[in-house]
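Reviewing the structure listed below.
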Amino acid sequence: MASIGNPKPSPFIPAFFALFLLLSCPAIPAAARTRRVRSLKPCEELAFFFHDIIYDGTNAKNATSAIVAAPAGGDKIKLDGLNHFGDLAVFDDPITLDNNLHSKPVGRAQGFYFYDKKEIFTAWLGFSFVFNSTEHRGSINFAGADPLMNKTRDISVIGGTGDFFMARGVATLTTDAFEGEVYFRLRVDIKLYECW
Amino acid sequence: MASIGNPKPSPFIPAFFALFLLLSCPAIPAAARTRRVRSLKPCEELAFFFHDIIYDGTNAKNATSAIVAAPAGGDKIKLDGLNHFGDLAVFDDPITLDNNLHSKPVGRAQGFYFYDKKEIFTAWLGFSFVFNSTEHRGSINFAGADPLMNKTRDISVIGGTGDFFMARGVATLTTDAFEGEVYFRLRVDIKLYECW
Amino acid sequence: MASIGNPKPSPFIPAFFALFLLLSCPAIPAAARTRRVRSLKPCEELAFFFHDIIYDGTNAKNATSAIVAAPAGGDKIKLDGLNHFGDLAVFDDPITLDNNLHSKPVGRAQGFYFYDKKEIFTAWLGFSFVFNSTEHRGSINFAGADPLMNKTRDISVIGGTGDFFMARGVATLTTDAFEGEVYFRLRVDIKLYECW
Numbered sequence: 001m002a003s004i005g006n007p008k009p010s011p012f013i014p015a016f017f018a019l020f021l022l023l024s025c026p027a028i029p030a031a032a033r034t035r036r037v038r039s040l041k042p043c044e045e046l047a048f049f050f051h052d053i054i055y056d057g058t059n060a061k062n063a064t065s066a067i068v069a070a071p072a073g074g075d076k077i078k079l080d081g082l083n084h085f086g087d088l089a090v091f092d093d094p095i096t097l098d099n100n101l102h103s104k105p106v107g108r109a110q111g112f113y114f115y116d117k118k119e120i121f122t123a124w125l126g127f128s129f130v131f132n133s134t135e136h137r138g139s140i141n142f143a144g145a146d147p148l149m150n151k152t153r154d155i156s157v158i159g160g161t162g163d164f165f166m167a168r169g170v171a172t173l174t175t176d177a178f179e180g181e182v183y184f185r186l187r188v189d190i191k192l193y194e195c196w
Numbered sequence: 001m002a003s004i005g006n007p008k009p010s011p012f013i014p015a016f017f018a019l020f021l022l023l024s025c026p027a028i029p030a031a032a033r034t035r036r037v038r039s040l041k042p043c044e045e046l047a048f049f050f051h052d053i054i055y056d057g058t059n060a061k062n063a064t065s066a067i068v069a070a071p072a073g074g075d076k077i078k079l080d081g082l083n084h085f086g087d088l089a090v091f092d093d094p095i096t097l098d099n100n101l102h103s104k105p106v107g108r109a110q111g112f113y114f115y116d117k118k119e120i121f122t123a124w125l126g127f128s129f130v131f132n133s134t135e136h137r138g139s140i141n142f143a144g145a146d147p148l149m150n151k152t153r154d155i156s157v158i159g160g161t162g163d164f165f166m167a168r169g170v171a172t173l174t175t176d177a178f179e180g181e182v183y184f185r186l187r188v189d190i191k192l193y194e195c196w
Numbered sequence: 001m002a003s004i005g006n007p008k009p010s011p012f013i014p015a016f017f018a019l020f021l022l023l024s025c026p027a028i029p030a031a032a033r034t035r036r037v038r039s040l041k042p043c044e045e046l047a048f049f050f051h052d053i054i055y056d057g058t059n060a061k062n063a064t065s066a067i068v069a070a071p072a073g074g075d076k077i078k079l080d081g082l083n084h085f086g087d088l089a090v091f092d093d094p095i096t097l098d099n100n101l102h103s104k105p106v107g108r109a110q111g112f113y114f115y116d117k118k119e120i121f122t123a124w125l126g127f128s129f130v131f132n133s134t135e136h137r138g139s140i141n142f143a144g145a146d147p148l149m150n151k152t153r154d155i156s157v158i159g160g161t162g163d164f165f166m167a168r169g170v171a172t173l174t175t176d177a178f179e180g181e182v183y184f185r186l187r188v189d190i191k192l193y194e195c196w
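If you read the protein sequences in the order shown, they are chains B, Z and G.
Numbering-wise, the first sequence is residues 1 to 196 according to the UniProt record's numbering.
Numbering-wise, the second sequence is residues 1 to 196 according to the UniProt record's numbering.
Numbering-wise, the third sequence is residues 1 to 196 according to the UniProt record's numbering.
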């Protein structure tokens, strides 16, 4: 480390100094010193796209999500009126590194979302990115509100496993594209602020 | 900071001391020193009310939540027997600073809950407080069990964004009032123990 | 703050040293020093079993969970085809210390899961362990993907209350047993890496 050359004020000083280095933070557990980082700058940044194809009664083969709950009167085939308020969908969407639905998936986005406002489109999401490739192994877990008419919206990274063990952070969602009410593509910019 | 007035014991001491201040915790990353606080006392305390008006087939205009899933046989208009076991509702409830439903909302509580016990009323909640006012901008994300017959129950603050970036803590729920099975009001006392 | 006035070089050294012990980490909040532990080794390890008996139209008395949502066409009595894709169940399952369904429960596992892949069985879970016994009081909250054909899978401990105040960690799930599509038993090995 830095040299602390001190023009000999008296001989005891160097030993004295070494003692301080050892003892000066006695109550911080040793393990805390070995954690990779905990910072105000992200300790890891990742960007992905995922692709949601909602089952509409005709696309069973290609669909990656399905409406499984809806308010009284909803038919679960098409998203309901009132800005889809109450429609809840379960998904298993491919994750890609670029915005091409047909790129080789690097993982799956698995979870659920529901529309939760009558006046405009807003949603709430709980899902995981599940990776099992040479590049990434493990999962990242997300939860939060998605006011999807906003250009970007932030949700929480609430945990992770494997390569993302104990991760915490914030993910910024952007709607990258959509086609009617059947396909949409989200860009997810993940910034982790706790990495172990 | 504190003045370190030093009645010259010998000239090297002040420099020596300054060096220790810089070097005495060499393994704690610099960024950790700038985090606002991480403590056993809350670093931030907030209290809000939110108001849930369940759709009952007649109140479409005023309702802020709707049952969207129920066990086989449930009709999603009224909460089912067996202590509503299995009824899942999606909500977009106004948040107020006091217990008056008609006070100006300071944000929205958006998420879902479901009743999950046959013998008594208990629920499980996943939701966000979404703020977009001069006072607060951002979101707080919550999850946890709500044994709602208890006077108070604790759930987890699992993350936050914006003003509540990376927040973690505990929120204490109290049922402040209810009217039949259509309206209830929760008081939420939030204590954050991780603030960035 | 503390006065650090320090007269004359020789006899002051021991006092000086003691002062450094107190003051040498001025930017680490005092409270941080009293946290129990934050480590790369678990600060707490727990193992439990929980038992899920799915309502199948005939077992209302014994069932601990019920399908409450399903894609269009699903009947919520039996798990649907396509690997149950989209079936969402709510549960209130007994937690036991051993693998015997009839052992005295030490708590309840309350939450929801849904099947989320058409090609194989995978699920996603959000739930709490709720304890109210002499041994444990409080809750542990979990979320994450459960690729249940794998022998073990990791989900996140996203928070806790009471005895598990502010807990974070990883839980490893193992399917310990199952009977048809009505009963399954999960072993949960919890490792907490943040304890307060």
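Glycine included, each C-beta is placed from N, C-alpha and C at the ideal position.
Asked                                                                                                                   : Found
Span of the beta strand (DSSP E) around A143 (chain Z)                                                                  : 137–146
CB contact below 8 Å: Y113 (chain B) versus chain G                                                                     : no
Test: L88 (chain B) CB closer than 8 Å to a CB of chain Z                                                               : yes
Spatially closest choice to T175 (chain Z) from Z:F164, Z:L46, Z:D154, by CA coordinates                                : Z:D154
Beta carbon of A109 (chain Z) nearer than 8 Å to that of F165 (chain Z)                                                 : no
Distance CB(K61 (chain Z))-CB(I67 (chain Z)) smaller than 8 Å                                                           : no
8 Å contact criterion, which A89 (chain Z) and I54 (chain Z) should meet: CB distance rounded                           : 6 Å
Span of the beta strand (DSSP E), counted from its first residue to its last, around C195 (chain Z)                     : 183–195
Where R132 (chain Z) falls: helix, strand or coil (DSSP)                                                                : Strictly speaking, residue 132 (chain Z) in this sequence is Asn, with Arg absent from that position. Reduced to three states, the DSSP call for N132 (chain Z) is strand.
Touch test, the segment 123–142 of chain Z against the segment 131–140 of chain G, Cβ-Cβ under 8 Å, three pairs minimum : no
Best match in G:P105, G:F91, G:L97 for proximity to G111 (chain G) [C-alpha to C-alpha]                                 : G:F91
Beta carbon proximity, W196 (chain Z) to chain B, threshold 8 Å                                                         : yes
Through-space distance from L82 (chain Z) to G74 (chain Z), alpha-carbon basis                                          : 11 Å
Reference D116 (chain G), options G:G107, G:A70, G:T161, closest by Cα                                                  : G:A70
Own chain residues within Cβ distance below 6 Å of H84 (chain G), not counting five before or after                     : Y115
Residues that P147 (chain G) contacts on chain B, provided the C-beta gap is smaller than 8 Å                           : V130
The beta strand (DSSP E) enclosing I95 (chain G), as first and last residue numbers                                     : 88–96
Own chain, CB closer than 6 Å to F99 (chain G), minus 5 neighbours either side, in chain order                          : A small correction: the amino acid at residue 99 (chain G) is Asn; Phe does not occupy that position in the sequence shown. Excluding sequence neighbours, N99 (chain G) sits near F49, D176.
Range covered by the beta strand (DSSP E) that runs through L46 (chain G)                                               : 44–53
Burial state of G57 (chain G) (16 or more Cβ within 10 Å)                                                               : exposed
Residues that F126 (chain G) contacts on chain Z, provided the C-beta gap is smaller than 8 Å                           : The question names Phe, yet the displayed sequence has Gly at residue 126 (chain G). What G126 (chain G) touches in chain Z: W124, G126, A143.
8 Å Cβ cutoff, A66 (chain B) in contact with chain G                                                                    : yes
Under 9 Å from the C-beta of I158 (chain B): neighbouring residues of chain Z                                           : N141, A143, I158, G159
Contacting positions in the segment 41–63 of chain G - beta carbon closer than 8 Å to chain Z                           : Y55, G57
C-alpha gap between S133 (chain Z) and P147 (chain G), whole angstroms                                                  : 41 Å
Straight-line gap, E181 (chain Z) to F129 (chain G) (C-alpha atoms, nearest Å)                                          : 27 Å
Test item: CB-CB of L192 (chain Z) and E44 (chain Z) under 8 Å                                                          : yes
Contact with chain Z by F85 (chain G), beta-carbon distance below 8 Å                                                   : no
Test: K151 (chain G) CB closer than 8 Å to a CB of chain C                                                              : Absence of chain C from the displayed structure is noted, the protein chains being B, Z and G.
Coil, strand or helix - L82 (chain Z) by DSSP                                                                           : helix
Rounded C-alpha distance that separates G86 (chain G) from P42 (chain Z)                                                : 40 Å
Whole-angstrom distance between T161 (chain Z) and L173 (chain Z), CA atom to CA atom                                   : 21 Å
Beta carbon proximity, Y193 (chain B) to chain Z, threshold 8 Å                                                         : yes
Among B:D163, B:K151, B:S156, nearest to A171 (chain B) - alpha-carbon criterion                                        : B:S156
Sequence-distant residues of the same chain with beta carbon closer than 6 Å to I190 (chain Z), five excluded per side  : L46, A171
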